[in-house]
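Participant: Residue numbers (our numbering), protein chains in the order written: chain U, 1 to 103; chain D, 1001 to 1172; chain R, 2001 to 2685; chain Z, 3001 to 3409.
Built from N, CA and C at the ideal position, the CB exists for glycine as well.
Below is the structure I would like to discuss, written out as structure tokens.
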Amino acid sequence: MNVSLEHYLMLTAFVFAIGLCGALSRKNAIIVLMGIEIMFNAGILNFVAFWHYKYFVSLTAQVFAIFAISIAAAESAVGLALVIAVYRHYRSVDLDEMRSLKG
Amino acid sequence: MEIAFWILSAITVMGAIMAISLRNVMHCLLSLILFFFGIAGHYFLLHAEFLGAVQILIYIGAVAVLIALATMLTRHITGEEGPREVLGGKWWAGMGTAAIIAGLLWAIIRKDALARLLPTEAANISYTALVGDIGRALVADWVVPLEAMAVLLTAALIGAVVIALEEVIRKR
Amino acid sequence: MSEARYIDELVRQQWLIPFFPLVAAAIQSLLKRPSRKLSATLTIGAMGLSCIFALRAFFATLGGGEHTEVQRAIWNFTWFKFGNTSLDLGLILDPLTAGMAAMVSFVGFWIFVNATGYMDEDENFTRFFCFLSLFAASMLGLVISNNLLLLFMCWELVGLCSYLLIGFWYFKPSAAAAMKKAFITTRIGDVGFFLGILMLYWKTGTLNLYATDGTGALQQAGSLVHLAGWWGLSAASTIAFLLFIGAMGKSAQFPLHVWLPDAMEGPTPVSALIHAATMVAAGVFMVGRMYPLFIAEPGAWVMDFVMWIGCFTAVFSATIAVAQFDIKRVLAYSTCSQLGFMVMALGAGNLAAGQFHLLTHAFFKALLFLGSGCVIIGTHHEQDMRKMGGLRKYMPITFVCYVIGTLALAGVPPFAGFFSKDEVLLATFQRNRLAWGLATFAAFLTAFYMTRQIFMVFFGRWRGGDKEHAHGHEAHEDHGHGHGHHEPHEVSWNMWLPIAVLSLFAIGFGFFSHKFGNYLGAQEGEAVAGKPIVMGLSIAVGLLGIFLGWLVYGRKTMEHASDPDPLAVNLGGLFTVLNRKWYIDEFYEATVFRFTAACAMFFRLFDKLVVDGILHVIVFLALVISQIFRGVGDEFFINGGFDASCESVRLGGKVLAKLQSGRVQNYFRVLSLGAAILLLIYFFT
Amino acid sequence: MDTVYQFLQHAEEVLRGIPLVGGLLARLYHALLGGAPEWVLLAISIAVPILFVVSVFPGIFAYTTLVERKALGRIQNRIGPNRVGRWGLLQPIADGVKLLTKEDIVPRSADKFVHFLAPVAAVIPSVLLFSVVPIGAGLVPVDLNIGLLFAFAISTASVLALFMGGWASRNKFSLLGAMRAVAQVISYEVPMVLAAVAVVMAVGSLSTLAIARAQSGGILNVSHWFVFRPWGFVGFVLFTIGAMAESARTPFDIPEAESEIIAGYHTEYSGFKFALFQLGEYLASIAMAGITVTMFLGGYNGPGSGPGFFGGLISVFWFFSKLGCMIVLTIWIRGTWPRVRVDQLMSFAWKILLPMSIVNIVAVAMWHYITIRPIAWIGTTLWLVLWFVTLNKLAATEKIEKREYRYAS
């Protein structure tokens, strides 16, 4: 059986769901961030797979992937800085304890 | 190709699952690194070598290290979590949502209409000299997004520093 | 055409003109330890170099005076490129640019020399000179640019520098307010300017003004006339109108003039620079630069609009200037008025007259401002004319130069102002008699208030030491050194030398007026009908104004600082109105500010009543649904009294508030569910 | 890899060309591999570079330790190891045996698995680094078209090992060492990569082989080395400093500063795991030296090097000579320089090296666009010197006053 685009789509869908699951159900803010990173990576892998199987002409997909990676890096930097700032305030990275914005 | 795909996929999925399920944050991080390596391997497999190297350089060299530092700055050294602390409130809802989305994605991919749209095999073209092409594409067609990205990264850098420094300044 | 080739070569070196001040500013901003000598040397030296290059360019274009067509050399280059689009920048060298650049760098040079004396005691000497350099650099950049993008960048830089310099003494609340006022007011005009630029780009697809292949925006002005614009104008005129709004802000034309008089809160050399060489000149220069767009469509109301705005500003500001007591404020309103003259000339269709008046005015207004700076320094930071007097004896050099400047501004024949003002009046005369009449009246007022100033400041007896209480609440506490009551004295050489040099130009520059018209390539037009009338009348009103000024102020000078102004005695209430500047600021206060406040109030009420009301309705509906789902609909409808509904509103609020849990993962879950629904929709379609 | 494969395909003719023993070698080769199927040749061509890397470079490592100890000894006016074998030549083997037989101690509270994984993770990236270092004309294990980027990616991954070791040991000194290592490596990576960007810009390729090839030619195959360009010299200095800091060599050995935090991240390691850590560290440092040689010192180029069998042999000789020089240079620096302070370390990276590397990139652009060589020389040199002086002036936080020695004369 040849590896086709569908295989990659399946893989990324699965990995995306795993990341989502982690981001939604874990309590620790850092692990939630990790889950988000996993989702990001799944998305980027999708782009590269589409590129490989010639769904996109030219290098658009690769360039997009590079931008996505950069954005993810910036996002994680800011996210972690937020986690550290929150930790200084609450002495915890527990997302369930951060609810001072409760309406 | 197939063997490599299956091995890498196994590594990727295993790394992802472990990264979100292990109890110790540090172990999670190491699993995440494994996952990143798996993804980088996929990139190499897909002939996107440049992206593979970038993946290692940025995700493993920077993001993972950043997470490690953040963990050490926020947790006690072991990174252990008690059994009750792992899952947040309403974890079942989160998992349910994830399951629903996974199912839907699966269904959509399996859907005939889409499956017929997708090519099954890689076209036979050489993938050489891509790095130069990517560079040219970045500074020719994509220069405005590139500049925007530069601004964004600068802003993120400054923002991260400011956010992380804030209370230190206030104390002085 | 060897000459044309020479300027083609020269245009590639035009960038050197703003380059030197820019480098000077950069070096000064990077210096670790401020050094007065170094920064003054750098600034003045850089300006001198710029001046040399500007003069070289000027003389290169001067040779073209005999040619019929305008000598113009351009140099466009690509700034950067993305994909198939590229952003171009360009430099230009034509008489307009060359004359302007030479004037700016020359006048700027002497202003800088004067500033070394004026700012001698200031703590932030180096910061001041750094800003000055940047200011000059951006103005020179504006002048030499052949591209609206570059022009706009420099335009904004000029605005920024004026903001920084007006508020140089930012610790004074008045200065801080003035800087904000200047910035915001000009920004209003900039909106128009920017719209104009956008529209120009939209219609022509280029921002280059001229191009060698004839695709420049101004070269397409002829075709723009045939495109439709807004307000019943052609595209060319619409763009011109929008651009003129920008010029109105920058050059302080009537509705947007309010910032200029306040701008004298900055140090006096800055005022000189703003009023003479850079900031306000930018607006007029820009109109001159874009002139082909203005005249492209004959008979459009834009030109009339420009003329009447200029005319009104000229008269309006002149009347205000009559009743001011602050020596710099008089000059500030005078600048407004003179700018009105320039704009009027442009509107009347005579580019050369407007630009020529701009140049001559730059010389004598810089002279007057620097002179007033000398007076202020000589009298130990006194700005109120009522507390001056008799300075003729104490400051002879300043006095002579100041009188020359005054005569030039008043338009007395041999001086520069006469020729340029005469050109302006003539141009207006040919276009519209009423405007000409008003302008002549403004010229009369100009002569009058300048004479008033001369007599108040330099004649009579020294009233500075008069009243103790007058000095008790001294506004300028930053120089509270002990000799506030000392006699005034002559200023040092680095302050009077610039005004002496400038006064030479104020005397002699006007004789080039005829040449200048040719130089700018203006067509002589129909025969100078009515020239003798115009000229004679303008001389007459000038002399009349001086005579009246002498009659009112010179015959019997003020004795005490607290004496009322003789004019106030005669004019009564009108004088107060003039003194309060026709209550324009108060008018804005009462209208614009009130309106904003009212809007804010309205929206607050709107928020409270409508938005909250809608929210309540939503809450109510949510409650209804929730109640139905709980299967107690009957009960709700049966017991639907007032109390119950109140209670249920609260309940519904609680239900909705649950959504706002403050937990990030909740939001994330909802988001994911939304994504799931989208996927579902995708799946079933 | 490709070169080996080509060599195998034409081995007989090539071998026959060697004087004296050529015929014998060719006959030997024919007896061994004559007529072997294609896949055998392919397998051999893959195995040879791997075996080479795995065997030769650890050997170099072993004798580097000896040279280091001897040289340090001489610098400190000692003799250094001289007991085991003539001139202490067998010392590395003795050390190896000692470390292998030592008891392996794992702290009780340590995270066993990660503690075990860390030394392994330290070695793997270091070995992988060699896969893109060309050791001779056309002789590179894998000629990746992203070779340099690959090397940087791998070298950043090596920091994870230090981090894992430091964290898993459950020892505050280990953790401090790990955090220092992480901070240091992240900081120094940036100027190092940017210094390499200058070379990449000049060559126009990321392939290490192409970079080495770009430096061939000129007088004696020497004058085209990038180190003899203004920007190349600056890049060389920047890159060497960065590489030294990246592999935590003195004077940048903050992560394992004995006097401050015992031994940093490998405080709790002993025996074979400790040896692996050392191996990884030294291999990384050697590989970085190899990349430095490739990028700035002309790689395998030298008098006499070139394509063909003999040229290839000479090029290998030149490469290893230069590598040896770089190793000795690092040892020399280690023996003579004091360790920098942590804050100095950071400010040096961010205030001097980083701006300087960016300035260097501009210098390469100037070099590229100024076609008249003398002007390019003067211009780039002036530009770099100007910025160097300015940066030093700007970075100087305090004025160093003249010291007064109260007790010394």
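Here's the rule: buried if 16 or more other CB atoms are within 10 angstroms of the residue's CB, otherwise exposed. What is T2185 (chain R)?
Facilitator: When all chains shown are included, T2185 (chain R) counts as buried.
Participant: With DSSP collapsed to three states, give me the class of L2206 (chain R).
Facilitator: In the sequence as displayed, the identity of residue 2206 (chain R) is Thr instead of Leu. Looking at T2206 (chain R) - three-state DSSP - the assignment turns out to be coil, as it is neither helix nor strand.
Participant: Taking CB distances under 8 Å as the criterion, tell me whether L1008 (chain D) reaches chain Z.
Facilitator: Chain Z contact via Cβ: absent.
Participant: Quick check: is the beta carbon of A17 (chain U) nearer than 8 Å to any beta carbon in chain D?
Facilitator: Yes, its Cβ sits closer than 8 Å to a Cβ of chain D.
Participant: Below 7 Å on C-beta distance, what does T1097 (chain D) contact in chain R?
Facilitator: What T1097 (chain D) touches in chain R: R2669, S2672, L2673, A2676.
Participant: Out of Z:P3355, Z:I3378, Z:F3007, which one is the CA nearest neighbour of S3187 (chain Z)?
Facilitator: Checking every option, the nearest Cα to that of S3187 (chain Z) belongs to Z:P3355.
Participant: Inspect the CB distances between the segment 3125-3144 of chain Z and the segment 3278-3286 of chain Z and report whether three or more fall short of 8 Å.
Facilitator: The segment 3125-3144 of chain Z vs the segment 3278-3286 of chain Z: in contact.
Participant: By the 10 Å Cβ neighbour count, where 16 or more other Cβ atoms means buried, how is Y3407 (chain Z) classified, buried or exposed?
Facilitator: Exposed.
Participant: Find out if the Cβ-Cβ distance for the pair I2404 (chain R), A2272 (chain R) is shorter than 8 Å.
Facilitator: Not in contact: I2404 (chain R) and A2272 (chain R) (Cβ atoms no closer than 8 Å).
Participant: Run through chain R and tell me which residues come within less than 9 Å of D96 (chain U), C-beta to C-beta.
Facilitator: Chain R residues near D96 (chain U): R2663, Q2665.
Participant: Alpha carbon to alpha carbon, how far is V3197 (chain Z) from A61 (chain U)?
Facilitator: Cα to Cα, the separation comes out at about 24 Å.
Participant: Are the beta-carbon atoms of R3341 (chain Z) and R3249 (chain Z) separated by less than 8 Å?
Facilitator: The answer is no: Cβ separation not under 8 Å.
Participant: Taking buried to mean at least 16 other C-beta atoms within 10 Å of its own C-beta, is R3086 (chain Z) buried or exposed?
Facilitator: R3086 (chain Z) is exposed by the Cβ-count criterion.
Participant: How big is the Cα-Cα spacing for F1005 (chain D) and H1042 (chain D)?
Facilitator: Cα to Cα, F1005 (chain D) sits roughly 7 Å from H1042 (chain D).
Participant: Assuming A2090 (chain R) is part of the beta strand (DSSP E), what are its boundary residues?
Facilitator: The sequence shown places Gly at residue 2090 (chain R), rather than the Ala named in the question. Unbroken beta strand (DSSP E) run through G2090 (chain R): 2085-2093.
Participant: I'd like the span of the alpha helix (DSSP H) that includes G2246 (chain R), first residue to last.
Facilitator: Taken as a continuous stretch (DSSP letters only), the alpha helix (DSSP H) holding G2246 (chain R) covers 2235-2250.
Participant: Are the beta-carbon atoms of M2307 (chain R) and R2431 (chain R) separated by less than 8 Å?
Facilitator: Their beta carbons are under 8 Å apart, which means M2307 (chain R) touches R2431 (chain R) by this criterion.
Participant: Could you name the residues of the same chain whose beta carbon sits closer than 6 Å to that of V3359 (chain Z), not counting the 5 residues immediately before and after it, in chain order?
Facilitator: For V3359 (chain Z), where only same-chain residues beyond five positions count, the Cβ hits under 6 Å are W3387.
Participant: Does A1107 (chain D) get closer than 8 Å to chain R when you measure Cβ to Cβ?
Facilitator: With 8 Å as the cut-off, A1107 (chain D) counts as an interface residue toward chain R.
Participant: Answer with yes or no whether the minimum CB distance from F3150 (chain Z) to chain D is below 8 Å.
Facilitator: So, interface residue.
Participant: Give me whichever residues DSSP pairs with I3211 (chain Z) in a beta bridge.
Facilitator: Its beta-bridge partners do not exist; DSSP assigns none.
Participant: Do G3147 (chain Z) and V3159 (chain Z) have their beta-carbon atoms positioned less than 8 Å apart in this structure?
Facilitator: No, the Cβ-Cβ distance between V3159 (chain Z) and G3147 (chain Z) is not below 8 Å.
Participant: Is I2397 (chain R) closer than 8 Å to A2506 (chain R) when the C-beta atoms are compared?
Facilitator: No, they are not a contact pair.
Participant: Can you check which of these residues, Z:L3028, Z:V3048, Z:G3059, is closest to P3141 (chain Z) by C-alpha distance?
Facilitator: Of the candidates Z:L3028, Z:V3048, Z:G3059, the one whose C-alpha sits nearest the C-alpha of P3141 (chain Z) is Z:V3048.
Participant: Chain Z beta carbons: is any one of them nearer than 8 Å to that of L1069 (chain D)?
Facilitator: L1069 (chain D) counts as touching chain Z.
Participant: Note down, in chain order, each residue of its chain lying with its Cβ closer than 8 Å to the Cβ of N2982 (chain Z), except the 5 sequence neighbours on either side.
Facilitator: Within the shown structure, residues of chain Z are numbered from 3001 to 3409, placing residue 2982 (chain Z) beyond reach of any answer.
Participant: Any C-beta of chain Z within less than 7 Å: which residues of the segment 1032-1060 of chain D qualify?
Facilitator: Flagged, chain order: I1033, E1049, F1050, A1053, I1056, L1057, I1060.
Participant: Please report the distance separating the alpha-carbon of F2458 (chain R) from that of L2195 (chain R).
Facilitator: Straight-line Cα distance between these residues: approximately 48 Å.
Participant: Compare the C-alpha of L2016 (chain R) against each of R:T2116, R:I2144, R:R2127 and name the closest.
Facilitator: Ranking R:T2116, R:I2144, R:R2127 by Cα distance to L2016 (chain R) puts R:I2144 first.
Participant: Would L2207 (chain R) count as contacting chain D if we go by Cβ distances under 8 Å?
Facilitator: By this cut-off, L2207 (chain R) is not an interface position.
Participant: Would A3153 (chain Z) count as contacting chain D if we go by Cβ distances under 8 Å?
Facilitator: It does; some Cβ of chain D falls within 8 Å.
Participant: Here's a check: name, in chain order, each residue in its chain whose Cβ is nearer than 8 Å to the Cβ of L3149 (chain Z), leaving out the five neighbours to either side.
Facilitator: Cβ within range, chain order: L3206.
Participant: Grab me the residues of L3176 (chain Z)'s own chain with a C-beta within less than 6 Å of its C-beta, minus the 5 sequence neighbours each way, in chain order.
Facilitator: I3261, listed in sequence order.
Participant: Measuring CA to CA, which of D:L1138, D:L1157, D:A1164, D:A1155 is closest to A65 (chain U)?
Facilitator: Ranking the options by Cα distance to A65 (chain U), first place goes to D:L1138.
Participant: Quick one: Cα of A2263 (chain R) to Cα of I2166 (chain R), how far?
Facilitator: Cα-Cα distance, rounded: 6 Å.
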